Amino acid sequence: MKKLLLGIYIFIFITSSCTTLRVNHLRKNPWVIDKPQVLEMNYLEFHYTIYHMNESVYVIGKAYPIFKKLPPWGIWIDEIWLGVYLSDSHGKVLAQDINILPPQKISKSGFPFNFVIKPKKFGSPGPIYITFGYRLKITNFPFQKHKVKPKIFFAIEQAQDIP
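Residue numbers (our numbering): 9 to 171.
So this is what it looks like as structure tokens:
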């Protein structure tokens, strides 16, 4: 029995340590320095510019809600996680960063972000791409201010672990 459990633990360790983050399923743009760009995802539209300084890449901009795709009762975002991924032509993530923003009212002014990514691998030969991920927990009122259970809508796009 101990050998079986040890074998299971070794298998889990090996398979979990060999996973690779991939973003093949996400929309992406080519990596272009110093030029404003736009990338529309399912629920957010990212307006950004990429800057390169020293050994870091800075991605600065705003993510705007796509209101026609959000529930009409959604006025509050209780959780906001925004992420950026730099990937090779096969969708393998070379570098990433995440910003966690405070809960806030959904507005047309968008959510500002400032990512810093430091690629350590160059990936396969060919172009490099940029894409974004996010996790939004949208409610019909600020989550903690009422005793009534709010309506909740999750909007999530993110990299996937692939063994």
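Every residue, glycine too, gets a C-beta built ideally from N, C-alpha and C. In this text the structure is predicted, and so the values were computed from the model without any measurement.
Could you tell me the distance, in whole angstroms, from the CA atom of residue i to the CA atom of residue j?
i           : j           : result
residue 67  : residue 48  : 16 Å
residue 125 : residue 170 : 21 Å
residue 64  : residue 41  : 12 Å
residue 46  : residue 137 : 13 Å
residue 129 : residue 43  : 24 Å
residue 38  : residue 104 : 15 Å
Which residues mark the beginning and the end of the beta strand (DSSP E) in which residue i is found?
i           : result
residue 107 : 101–109
residue 59  : 52–61
residue 29  : 28–30
residue 86  : 84–95
Between the Cα of residue i and those of the options, spot the shortest distance and give me the residue it belongs to.
i           : options           : result
residue 79  : 167, 145, 166     : 145
residue 149 : 73, 112, 30, 37   : 112
residue 117 : 71, 44, 31        : 71
residue 165 : 82, 58, 39, 106   : 106
residue 29  : 50, 161, 139      : 139
residue 94  : 27, 131, 120      : 131
residue 143 : 88, 155, 100, 134 : 88
residue 2   : 27, 81, 127       : Residue 2 lies beyond the residue range present for the chain, which begins at 9 and ends at 171; the question has no answer from this structure.
Count the other CB atoms, across all protein chains shown, that sit within 10 Å of the CB of residue i; report buried if there are 16 or more and exposed otherwise.
i           : result
residue 182 : The requested residue 182 does not occur in the structure, where the chain is confined to residues 9 to 171.
residue 158 : buried
residue 73  : buried
Below 8 Å between beta carbons: does that hold for residue i and residue j?
i           : j          : result
residue 102 : residue 90 : no
residue 55  : residue 69 : yes
residue 58  : residue 84 : no
residue 99  : residue 32 : yes
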